[in-house]
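These notes are about the structure you will find just below.
Structure follows, in structure tokens:
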């Protein structure tokens, strides 16, 4: 959970009330149980996390991720600028190979190579469309504005909503309504295009954060309820809350910012070097490049790993990871896997104990749980490539 203002910063300040998403009333009408997350009121569940998780794996779930930051980066009006070069100076991305409509995962790093955020970058005809994490978007906007030259305009698309339709039947449900110059079937994983949904303009990409085939749909906030009703009117689709989104991304081995990555973690130890494109690893020229190059050359002292546990008790964030009686790491995400029917976790451990098959244990309030290092993802991805 996060707040927009920490009241400890000033004892005279009242905490800022959480903001409401365009679909707030819609979630409540659907029976969503609302909690504060990243400064917004959001649905944690509807009928239950386990049921929603399994429904998404088997059919299609609709997630409201409108708390995330949608940004447009384009040249300032009547100002010549090499937009690709400007963005490459801020991010470790190779834009020379990013075609119009293509989406790419990247990282925002600080000068020491710590991870400030992970994000998606799409090339539009008019510039670049970025999606950043909700809890970090204000800091990201500030960082990018410092890194980008004055000839570049950064617009926060704060009147847009963002929905994610995820699951093996997501295509069938969405294809009944998506109309565009190209068919929805032309989109493969990490590709996007403009469509209309029930007459509403939408940017749709074949992407998501559950490990399933699916789509992310950017629409005007004022039309969010109309589109949500349209999609949830299909028999394959149910609304899904934050709880199942977290358990799905954990099974997919996908890190969550503020938990599995932070300014204390570098791209290499986090297993996210694919977010630093190959040309940029050698050329550098972005914040934190020296650490990336050093970690690639020398290795890192710790690594992010997956852990499989027996029994039913889950290991939670902050639990110590032990090799014998020696502490060798800490759990950063953990929970019971609805798909696998046993607990799983992510942790950072000393590199000497990071090999697949290594037997470890996790300390939970003085009780030792046996764990084994396993490859991620825990549940295989089913992206449509």
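Numbering (the UniProt record's numbering), first residue to last: 1 to 385. By construction, the Cβ of each residue, glycine as well, lies at the ideal position given by its N, Cα and C atoms.
Tell me the rounded alpha-carbon separation between residue 27 and residue 295. Within the chain shown, the letter at position 27 stands for residue 27. Within the chain shown, the letter at position 295 stands for residue 295. Cα to Cα, residue 27 sits roughly 45 Å from residue 295.
Give the DSSP-derived three-state secondary structure of residue 66 in the structure shown. As a working note, residue 66 is residue 66 in the chain shown. Three-state DSSP puts residue 66 in coil, outside helix and strand.
Would you tell me roughly how many angstroms separate the C-alpha atoms of residue 331 and residue 376, rounded to the nearest one? Within the chain shown, the letter at position 331 stands for residue 331. Within the chain shown, the letter at position 376 stands for residue 376. Across the structure, residue 331 and residue 376 are spaced so that their CA atoms are roughly 15 Å apart.
First and last residue of the alpha helix (DSSP H) that includes residue 157? If you number the chain shown from 1, residue 157 lands on position 157. Unbroken run through residue 157: none, as it is neither H nor E.
So the alpha helix (DSSP H) residue 53 belongs to, where does it begin and stop? For the purposes of this step, residue 53 is taken as the residue at position 53 of the chain shown. It spans 49-58 - the alpha helix (DSSP H) in which residue 53 sits, taken as one unbroken run.
With DSSP collapsed to three states, give me the class of residue 273. Position 273 of the chain shown holds residue 273. Assigned with DSSP and collapsed to three states, residue 273 falls in helix.
Would you say residue 20 and residue 41 are within 8 Å of each other, going by their C-beta atoms? Within the chain shown, the letter at position 20 stands for residue 20. Within the chain shown, the letter at position 41 stands for residue 41. A contact, by the Cβ cut-off of 8 Å.
Would you report the Cα separation of residue 207 and residue 320, rounded to the nearest angstrom? Looking up residue 207 in the chain shown gives position 207. Looking up residue 320 in the chain shown gives position 320. Roughly 34 Å between the two C-alpha positions.
Straight-line gap, residue 35 to residue 43 (C-alpha atoms, nearest Å): Sequence index remark: in the chain shown, residue 35 carries index 35 (1-based). Sequence index remark: in the chain shown, residue 43 carries index 43 (1-based). The alpha-carbon atoms of residue 35 and residue 43 are separated by roughly 6 Å.
Please classify residue 11 as buried or exposed, where buried requires at least 16 neighbouring CB atoms within 10 angstroms. Mapped onto the chain shown, residue 11 falls at position 11. With a pLDDT of 47 at residue 11, under the threshold of 50, the modelled position of this residue cannot be trusted, and the question is left open.
Report yes or no: do the segment 183-192 and the segment 239-250 share at least 3 C-beta pairs separated by less than 8 Å? No: the two stretches stay apart, fewer than three of their Cβ pairs being nearer than 8 Å.
If I'm right that residue 88 touches residue 211 with Cβ under 8 Å, what's the distance once you round it to whole angstroms? As a first step, residue 88 must be located in the chain shown, where it is residue number 88. As a first step, residue 211 must be located in the chain shown, where it is residue number 211. Wrong, their Cβ atoms sit about 29 Å apart, outside the cutoff.
Could you tell me which whole beta strand (DSSP E) segments of length 3 or greater appear in the UniProt domain "Aminomethyltransferase C-terminal" (302-379)? As far as the UniProt domain "Aminomethyltransferase C-terminal" (302-379) is concerned, its whole beta strand (DSSP E) runs of at least 3 residues are 302-309, 320-323, 326-337, 342-350, 359-364 and 367-374.
Straight-line CA distance for residue 45 to residue 94? The residue labelled residue 45 in the question sits at position 45 within the chain shown. The residue labelled residue 94 in the question sits at position 94 within the chain shown. Here the alpha carbon of residue 45 sits roughly 38 Å from the alpha carbon of residue 94.
Tell me the DSSP secondary structure of residue 16 in three-state form. Counting from one through the chain shown, the residue named residue 16 turns up at place 16. In the structure shown, residue 16 sits in coil (DSSP, three-state: anything other than H, G, I, E or B).
Taking 7 Å as the cut-off, is the CB of residue 285 close to at least one heavy atom of the ligand FMN? As presented, the structure is devoid of all ligands, the ligand FMN included, so that no description of it is given.
Suppose you measure from the CA of residue 57 to the CA of residue 169; what does that come to, to the nearest Å? Reading the chain shown from its first residue, position 57 is the one you call residue 57. Reading the chain shown from its first residue, position 169 is the one you call residue 169. Rounded to whole angstroms, the separation of the alpha carbons of residue 169 and residue 57 is 9 Å.
With 16 as the cutoff for other CB atoms within 10 Å, does residue 119 come out buried or exposed? Residue mapping note: residue 119 aligns to position 119 of the chain shown, counting from 1. With 16 or more other Cβ atoms from the protein chains shown falling within 10 Å of its own Cβ, residue 119 counts as buried.
Cβ shell of residue 151 (< 8 Å), same chain only, five flanking positions each side left out: Residue 151 sits at position 151 when you count from the first residue of the chain shown. Contacts found: 75, 76, 79, 80, 81 and 86.
With a threshold of 7 Å on Cβ separation, who are the neighbours of residue 354 within its own chain once the five nearest residues in sequence on each side are excluded? Against the chain shown, residue 354 aligns to sequence position 354. Only 303, 305 and 373 meet the Cβ criterion.
Can you grab the Cα-Cα spacing for the pair residue 318 / residue 362, in whole Å? Residue 318 sits at position 318 when you count from the first residue of the chain shown. Residue 362 sits at position 362 when you count from the first residue of the chain shown. Using only the alpha carbons, I get a separation of about 10 Å.
So, for residue 459: in the same chain, excluding its five sequence neighbours on each side, which residues have a beta-carbon less than 6 Å away from its beta-carbon? The displayed coordinates of the chain run from 1 to 385. Any statement about residue 459 would go beyond what the structure contains.
Based on Cα-Cα distance, which residue from 204, 234, 149 and 345 lies nearest to residue 176? Position 176 of the chain shown, counting from 1, holds the residue named residue 176. Comparing Cα-Cα distances from residue 176 to each of 204, 234, 149 and 345, the minimum goes to 234.
Considering just the uninterrupted stretch of the alpha helix (DSSP H) at residue 286, what are its terminal residues? Taking the chain shown and counting its residues from 1, the one referred to as residue 286 is at position 286. Under the DSSP assignment, residue 286 falls outside any alpha helix (DSSP H); it carries neither an H nor an E label.
Measure from the alpha carbon of residue 346 to the alpha carbon of each residue in 100, 273 and 249, then state which is nearest. Within the chain shown, the letter at position 346 stands for residue 346. Of 100, 273 and 249, the residue nearest in Cα terms is 249.
Please list, in chain order, all residues of the same chain as residue 299 whose beta carbon is under 7 Å from its beta carbon, the five residues on each side excluded. For the purposes of this step, residue 299 is identified with residue 299 of the chain shown, where counting begins at 1. Take residue 299, set aside five residues on each side of it, and the residues of its chain with a beta-carbon closer than 7 Å to its own are 351, in chain order.
How is residue 11 classed by DSSP in three states: helix, strand or coil? Against the chain shown, residue 11 aligns to sequence position 11. Confidence at residue 11 is low in this model, with a pLDDT of 47, below 50, so its placement is unreliable and the value that follows should be read with caution. DSSP places residue 11 in coil when its eight states are reduced to three.
Taking 8 Å as the cut-off, decide whether the C-beta atoms of residue 379 and residue 252 are in contact. Here residue 379 refers to the residue found at position 379 of the chain shown. Here residue 252 refers to the residue found at position 252 of the chain shown. Annotated as proximal: residue 379 and residue 252, with beta-carbon spacing under 8 Å.
Under 8 Å between C-beta atoms of residue 263 and residue 49: For the purposes of this step, residue 263 is taken as the residue at position 263 of the chain shown. For the purposes of this step, residue 49 is taken as the residue at position 49 of the chain shown. No.
Suppose contacts are defined by Cβ-Cβ distances below 8 Å. Is residue 83 in contact with residue 106 by that definition? Translated into the one-based positions of the chain shown, residue 83 becomes position 83. Translated into the one-based positions of the chain shown, residue 106 becomes position 106. No.
Report the three-state DSSP secondary structure of residue 141 (helix, strand or coil). Looking up residue 141 in the chain shown gives position 141. Shown here, residue 141 sits in a helix according to DSSP, grouped into three states.
List the residues that DSSP assigns as beta-bridge partners of residue 43. Numbered from its first residue, the chain shown carries residue 43 at position 43. For residue 43, which the question treats as bridged, DSSP gives the partners 34.
Given a cut-off of 8 Å on the beta-carbon distance, is the pair residue 121 and residue 145 in contact? Counting from 1 along the chain shown, the entry for residue 121 is found at position 121. Counting from 1 along the chain shown, the entry for residue 145 is found at position 145. No.
Tell me, please, which residues DSSP counts as bridged to residue 100. Position 100 of the chain shown holds residue 100. In the DSSP output, where bridge partners are listed per residue, residue 100 has 123.
Of the residues 29, 47, 53 and 72, the one placed nearest residue 337, counting alpha carbons only: Position 337 of the chain shown holds residue 337. When each option's Cα is compared against that of residue 337, the closest is 53.
CA-CA distance, residue 309 and residue 51? Taking the first residue of the chain shown as 1, we reach residue 309 at position 309. Taking the first residue of the chain shown as 1, we reach residue 51 at position 51. Rounded to the nearest whole angstrom, the C-alpha separation of residue 309 and residue 51 is 22 Å.
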